[in-house]
Each structure stands twice: as C-alpha cells, then as structure tokens.
Amino acid sequence: MTETDRRWMREALELARQGDALASPNPQVGAVLVDASGRKAGSGCYTYAGRKHAEVLALEEAGSLARGGTIYVSLEPCSIQGRTPPCVDSVLNAGISRVVTATRDRNPDIDGSGIERLRAAGVEVEEAGGELAFEAARLNEPFFHFARTGRPLVTLKTALTLDGKIAAPDDNTGWITSATARQHVQGVRHRHDAIMTGIGTVQADDCRLTDRSGLPRRRPLMRIVADSLLRLPGDSRIVETFDDDLVVATTSAASPKRRDLFARLNIPVRVFDSPTGRVDLQQLVEWLGSRQIVSLMIEAGAKLNWAVLEAGVVDKVLLYFAPKILGGFDSLPMVGGIGRRSRAGALQLSSLRTFTVAENEFAVEADIVKEAR
C-alpha cells in the first residue's frame, strides 16, 4: 500500500468511528471512493437507522465517477443478504476496479467470502494489514465477538490507586481519578450498549450509570443492576432517572412485595437463578445477547468484580490508575471474594496495552485468558 492508500484508509476509519452507538448491533463501517483520476468522489458511514451501508452511500455520491475507481472500506464488503442486499453486488455493478479493505469481516457467515467474490469477478482487492488492520479490528471487536458467540463482549472497568484499592474504609467522598479520566470513561460508556453494576455500589454511591458524553445514540444505554434480593431503593438516582433503560437482575428469593414495587414503577425485573442463590451471571449475559446487546461494560465493587471474573463472563479489563496510594488492610481492593489460593491459579491476561489518560494517570487494557470450563 502507498502512503496515499493509507491516507484514504485512515479517512475511512474516521468515518467508521462516527458509527459509535449508532451502528450496533451491526458493525461500524466507513468508505471513501476515489475516482480513476485519484480524486475523492464519494464517502459514507453506516448507521443502523440509516440502513444503507457505507459502500452504497459512497457509490451513490460518486455516481458515474465510481467506474474504474478505488473504494477504501474499513471492513470487508458484505456478501450476504441482510436488511439490505450484499454490498459486493453494488461494488461490482458500479464498475469499481480496485477495493482496499482494512480488515476481513470476522462474522463466520462472511470472513473472506466478500473478498473472494470480488477477486473472482476480476476486481483487484488489497488488504491493508499492519496498524490499519489492527485499528479496524479493534473498532469492531464487540461485533466480531457477538457474531461468533451470540453474547456481548464484556469489559470490566475499574478506577483504582496504584496499590490496587478502589475504596477507603471510612470516607469515600471525592474521586480516585481526575476529571479528565472520568470524561474518558464517559466516552467508553458511550461506545457500549449496556452497563452493569451491583446493588452494593448503588447503595454506597447512589450512581446513575448514564451516558453523559452528550453524543447521539440509536438506543439508550441499557443500565443493569445485579440485585439478588431486590433491595434497590425506589428513591435511588438510578431509579429516578429511569427512561425505559433499566433492568434489575434478581433471583426468585426476592419478595413478592418488592417485585410489586418495581411493577408499579414499570421497571423490568428479570429472574436469573443460580445454585448459589445469587444472580446467574452466565444466564444474564446470554439473555443480553438475545436482546442484541453487543457490548456490556461493568462498573462495580469488589464483590461483583470477583463474581463476574469467577463466572468467566468477562472478556476484557480496562483499569484506570491514579497516582495515589491508600494502603491498609481495610481499604477495598479491586477484586474481593475468596480469590485464587495460589499464584499458579491466578487469572491470566493477554494482549496488554497501556495508554496515557491524563498527566500522571494511565490505563491498562487487556484480554482475559479464558479457562476451560
């Protein structure tokens, strides 16, 4: 690929990012069409409500200038009939001579078939590779995971001190991380379909768990509270801000009186029983998948953090570190519970990435190495 190719592909990726919270449960895709003379003739990005795919939008804008041109697409053009016809057909009908794609579509129903069809029809196809492919794959990581498993990609997010503490034993007023870091978290929330916490966090912090990025969404951020006995206060901020965007996950041990309260408030309550008497987290995640929730973010306390890790439902961690030390045996660690009793049994992480969030603050993102269950 030439530097000109890379420049156009970066623009296609930027267009794809405009689909944050607007494309789900489908992938985010951006496309730039360059005519035979090397000039930009069309572009587009996909949004679920808009239906038309990014390639089609770019082709329509270019019109007759598409013939003999090159289209840069952040994701392999689709080859199957969905809500709209396959994009491969549109590309072929327009007379495009070259397609440059950042990454293959890891949806098992496609995964290279679009590229194969284009090449079989005589279209030159080039795959970007390198950093561009990495960026494109990260952009649609939740969609790829959902397409393979039918379950949302689950990210456990925590803000903590350098010694791994998330709460002090006496006074928890104030914040662990800076306003800049918290603003960054709002951007991460915005890119998720759902967010979950536990009843303990609601009682301690009276949190809202809303998307306060100010950016547009196709559907509300679904807020979930894991609450085995339905202790969620009716006057909590998360209840008072209910706008068809809250689900309480509970068990059959919750009293009928409490269930009646939430019925009167029109707040959905879902029962996920487990042998332990607590919310069955595997069932909950599977149910979210059935609702086409492609990504789930967890912001909780030490107890639920351990529960989701031990249940094996977490796929990634996102840890924000502040330049502080709390110390003490009574300060809460990021993960509670009984933990692992040996170093050999520790949960393993892979694909670790660190990045600066603010001055003297950084974040760590990594994948959980899944254990055979």
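So the sequence shown is residues 759 to 1131, counted in the numbering used here. Don't be surprised by glycine CBs; every beta carbon is placed ideally from N, CA and C.
TODO: Mark Ala820 as exposed unless 16 or more other C-beta atoms lie within 10 angstroms of its C-beta, in which case mark it buried.
DONE: As a position in the sequence shown, residue 820 is number 62, starting the count at 1. Ala820 should be labelled buried.
Task: Within the region 974-1024, ranges of the alpha helix (DSSP H) (whole runs, at least 4 residues) - done: 995-998 and 1014-1022
Task: Proximity of Pro783 and Val1037 at Cβ, strictly below 8 Å - done: In the sequence shown, residue 783 corresponds to position 25, counting from 1. In the sequence shown, residue 1037 corresponds to position 279, counting from 1. No. Outside cutoff.
- [ ] In the DSSP assignment, find the alpha helix (DSSP H) that holds Val1084 and state where it starts and stops.
- [x] If you number the sequence shown from 1, residue 1084 lands on position 326. A small correction: the amino acid at residue 1084 is Leu; Val does not occupy that position in the sequence shown. Where Leu1084 is concerned, there is no enclosing alpha helix (DSSP H), given that its DSSP letter is neither H nor E.
Open item on the list: I'd like the list of long-range same chain contacts for Arg1028, defined as Cβ closer than 8 Å, with 5 residues on each side in sequence excluded.
Closed with: Along the sequence shown, read from residue 1 onward, the residue named residue 1028 stands at position 270. For Arg1028, where only same-chain residues beyond five positions count, the Cβ hits under 8 Å are Val1005, Val1006, Ala1007, Thr1008, Leu1042 and Trp1045.
- [ ] Out of Gly880, Arg906 and Ile957, point me to the one whose CA is closest to Ser994's CA.
- [x] Here residue 994 refers to the residue found at position 236 of the sequence shown. The candidate whose alpha carbon is nearest that of Ser994 is Ile957.
Task: Ser1089 vs Ala937 beta-carbon contact at 8 Å - done: Walking along the sequence shown from the start, residue 1089 turns up at place 331. Walking along the sequence shown from the start, residue 937 turns up at place 179. Contact flag unset, no.
- [ ] Please name the residue or residues paired with Ala1116 in a DSSP beta bridge.
- [x] Indexing the sequence shown from 1 puts residue 1116 at position 358. According to DSSP, which records beta bridges pairwise, Ala1116 is partnered with Glu1119.
Open item on the list: Once DSSP output is grouped into helix, strand and coil, what is the label at Ile934?
Closed with: On the sequence shown, position 176 is the one that residue 934 refers to. Three-state result, Ile934: coil.
Open item on the list: Taking the alpha helix (DSSP H) that Gly796 belongs to, which residues open and close that run?
Closed with: As a first step, residue 796 must be located in the sequence shown, where it is residue number 38. Counting along the chain, Gly796 falls outside any alpha helix (DSSP H), and DSSP gives it neither H nor E.
Task: Ser832 (DSSP reduced to helix, strand or coil) - done: As a first step, residue 832 is located in the sequence shown; it is residue number 74 there, counting from the start. The answer is coil: DSSP assigns Ser832 none of H, G, I, E or B.
Task: Beta-carbon proximity of Thr861 to Ile1056, cut-off 8 Å - done: Here residue 861 is taken as the residue at index 103 of the sequence shown, counted from 1. Here residue 1056 is taken as the residue at index 298 of the sequence shown, counted from 1. No. Outside cutoff.
Task: Range covered by the beta strand (DSSP E) that runs through Glu882 - done: Locating residue 882 in the sequence shown gives position 124, where the first residue counts as 1. Note, Glu882: beta strand (DSSP E), Glu882 to Glu885.
Task: Between the CA atoms of Ile1126 and Ser871 - distance to the nearest angstrom - done: For the purposes of this step, residue 871 is identified with residue 113 of the sequence shown, where counting begins at 1. For the purposes of this step, residue 1126 is identified with residue 368 of the sequence shown, where counting begins at 1. Ser871 and Ile1126: Cα-Cα distance of roughly 30 Å.
Open item on the list: Excluding the 5 residues flanking Ala779 on each side, which residues of the same chain have their C-beta closer than 6 Å to its C-beta?
Closed with: Mapped onto the sequence shown, residue 779 falls at position 21. Closer than 6 Å at the Cβ level, and outside the excluded window around Ala779, lie His948 and Arg975.
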